[in-house]
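Once you know that position 240 of the sequence shown is 241 in this note's numbering, the rest is easy, because the numbers rise by one and skip nothing.
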Amino acid sequence: MWPLEKLDVAALRRSGLRAVPFRQFVLKVNGRCNLACSYCYVYEGADSSWRDRPNRVSPAVVERTATRIAEHAATHRLTSLQINLHGGEPLLAGVSNLVAQVNAVREAVRARCGRSCTVDASVQTNGTLLTEHAVAELADAGVRIGVSLDGGTPWLNRHRLDHAGRSTWAKTAAGLQVLRGRPEAYAGILSVIDPDSDPAEVYSSLAAFGPPSMDLLLPHANHAFPPAAKGPHPYGDWLVRLFDLWFDAGERAVPVRLFHEIIALLLGVPCRAEAVGNAPVVAVVVDTDGTIEQVDSLKTAYAGAPATGCDVFDHSFDDVLDHPGVVARQLGTDALSPTCLTCPLAEVCGGGNYAHRYRPVEGFLNPSVYCADLHLLIPHIARRVRSAADADFPRGPIDAR
Numbered sequence: 002m003w004p005l006e007k008l009d010v011a012a013l014r015r016s017g018l019r020a021v022p023f024r025q026f027v028l029k030v031n032g033r034c035n036l037a038c039s040y041c042y043v044y045e046g047a048d049s050s051w052r053d054r055p056n057r058v059s060p061a062v063v064e065r066t067a068t069r070i071a072e073h074a075a076t077h078r079l080t081s082l083q084i085n086l087h088g089g090e091p092l093l094a095g096v097s098n099l100v101a102q103v104n105a106v107r108e109a110v111r112a113r114c115g116r117s118c119t120v121d122a123s124v125q126t127n128g129t130l131l132t133e134h135a136v137a138e139l140a141d142a143g144v145r146i147g148v149s150l151d152g153g154t155p156w157l158n159r160h161r162l163d164h165a166g167r168s169t170w171a172k173t174a175a176g177l178q179v180l181r182g183r184p185e186a187y188a189g190i191l192s193v194i195d196p197d198s199d200p201a202e203v204y205s206s207l208a209a210f211g212p213p214s215m216d217l218l219l220p221h222a223n224h225a226f227p228p229a230a231k232g233p234h235p236y237g238d239w240l241v242r243l244f245d246l247w248f249d250a251g252e253r254a255v256p257v258r259l260f261h262e263i264i265a266l267l268l269g270v271p272c273r274a275e276a277v278g279n280a281p282v283v284a285v286v287v288d289t290d291g292t293i294e295q296v297d298s299l300k301t302a303y304a305g306a307p308a309t310g311c312d313v314f315d316h317s318f319d320d321v322l323d324h325p326g327v328v329a330r331q332l333g334t335d336a337l338s339p340t341c342l343t344c345p346l347a348e349v350c351g352g353g354n355y356a357h358r359y360r361p362v363e364g365f366l367n368p369s370v371y372c373a374d375l376h377l378l379i380p381h382i383a384r385r386v387r388s389a390a391d392a393d394f395p396r397g398p399i400d401a402r
């Protein structure tokens with residue numbers, strides 16, 4: 002199966018392929034969640050390793066992780082890095098603990114690198130536990146807060162229920178209203194796409210919360226576990242409708258990360274997206290027991306898919322850089338399937354999200370399970386951008402007088 006059994010990392014290193022250092026460190030501070038979202042890739046995916054791991058990260062794991070991050074920053078002379086606190090639901094670990102964990106990383110990096118490397122910190126939460134106190138303590142500590150929400154109504158969030166099957170919409174909405182009072186800490190809203198919803202309603206209802214940005218995610222799926230929606234390209238249809246609404250709003254539009262990334266790639270500007278493009282992966286995960294893993298989305302592929310065999314006690318992050326799964330995601334277009342390599346969209350699409358390419362036995366050397374959707378969306382965006390450019394800059398000779 003590619004890449005685990007077929008990628009010769011040693012030969013690639015001998016040929017001159019250099020590793021790209023990690024810059025985004027995801028620390029799992031809490032292993033459980035107070036929600037039971039139907040599409041959750043951690044608790045509903047093929048990998049159930051969370052069951053065997055501690056509910057909370059220990060001080061020893063935090064301390065060792067901080068030391069390893071500082072070591073990596075010093076080795077590669079990083080000038081900036083990100084620490085992202087995740088779960089489960091990270092706020093279940095207690096806000097004061099989250100601040101202490103961020104401070105541990107900052108202090109370790111400062112001790113090794115001085116002030117030459119900045120540490121940006123964030124937490125991704127479902128928002129149900131965001132109180133005035135929680136937001137204030139995180140904001141005062143310089144921790145930005147991202148909230149997961151699929152729309153601005155209870156129905157749009159029907160997949161985000163608690164363990165008793167009750168809606169969590171009201172609590173999240175209340176948390177967002179509190180967060181709006183500290184705009185410097187408001188990172189944005191992350192949403193999972195549901196083609197059964199009205200894209201105009203999703204966009205307008207989320208925009209009403211005043212987010213500085215939105216991130217739209219395709220539901221994690223692959224060739225073994227295909228997307229729920231049926232049809233030629235239902236997710237592409239949905240995104241095209243939303244893009245037109247968003248693009249026509251002009252300067253009034255809330256930035257949507259996926260659209261910005263596609264436009265940037267169409268213009269030849271590199272980006273560090275997972276959804277599109279061929280940028281090398283720079284994110285790595287540390288679980289509650291100190292296990293070092295690849296990104297969580299791989300949990301939808303098969304049991305053990307994110308595993309690296311490393312942990313923060315016995316391995317450095319440089320050791321993880323030589324794992325075939327990480328190396329494969331730093332190969333650019335060389336990691337694309339033969340089908341993708343002949344596609345004119347390859348530099349922009351990049352084969353789609355890596356997790357969406359998985360097929361049993363074959364592995365990840367396949368087009369995205371959302372290939373048809375991306376083939377609809379990307380050319381549509383290109384046409385709209387080209388038309389707008391033509392309207393602003395009419396073709397013809399330039400009068401330089």
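Glycine residues also receive a C-beta, built at the ideal position from the N, C-alpha and C atoms.
Residue 127 is not a Cβ neighbour of residue 185, given a cutoff of 9 Å. Sequence-distant Cβ neighbours of residue 33 in its own chain, meaning closer than 6 Å and more than five residues away, are 56 and 89. If you look at residue 187, you'll find it isn't in any alpha helix (DSSP H); it sits in the beta strand (DSSP E) that goes 187-193.
Residue 191 places its beta carbon 9 Å or farther from that of residue 146. For residue 342, same chain residues with a beta-carbon under 8 Å away, outside a window of 5 residues either side, are 334 in chain order.
Positions of the beta strand (DSSP E) runs, each at least 3 residues long and wholly inside the stretch 83-142, are given as 119-126 in order along the chain. Between residue 349 and residue 219, the C-beta gap is not smaller than 9 Å, which leaves the two residues out of contact. Distance from the CA atom of residue 332 to the CA atom of residue 168, rounded to whole angstroms, is 43 Å. Boundaries of the alpha helix (DSSP H) around residue 172: 170-181. Below 8 Å, too few C-beta pairs join the stretch 225-232 and the stretch 240-248 to call them touching: fewer than three. Under the three-state reduction of DSSP output, residue 310 falls in the strand class. Of the candidates 321, 320 and 354, the residue whose Cα lies closest to the Cα of residue 336 is 354. Contact check for residue 302 against residue 48 passes: the beta carbons are separated by less than 9 Å.
For residue 9, the secondary structure class from DSSP, reduced to helix, strand or coil, is coil.
Look at residue 300 here: in three-state DSSP terms it is helix. Shown here, residue 294 sits in a strand according to DSSP, grouped into three states.
When rounded, the separation of the alpha-carbon atoms in residue 24 and residue 102 is 17 Å. Assignment of residue 377 by DSSP, reduced to helix, strand and coil, places it in the helix class. Taken atom to atom, the span from the alpha-carbon of residue 203 to that of residue 18 is near 43 Å.
Contact between the stretch 283-298 and the stretch 371-378 is not established, with fewer than three Cβ pairs separated by less than 8 Å. Around the beta carbon of residue 362, a 10 Å sphere encloses fewer than 16 other beta carbons of the protein chains shown; the residue is thus reported as exposed. A straight-line Cα-Cα distance of about 30 Å links residue 270 and residue 9.
Taking C-alpha positions only, residue 154 is separated from residue 288 by approximately 33 Å. Annotation: the continuous alpha helix (DSSP H) that includes residue 347 extends over 347-350. Secondary-structure assignment with DSSP links residue 81 through a beta bridge to 119. The Cβ-Cβ distance between residue 151 and residue 189 does not fall below 9 Å.
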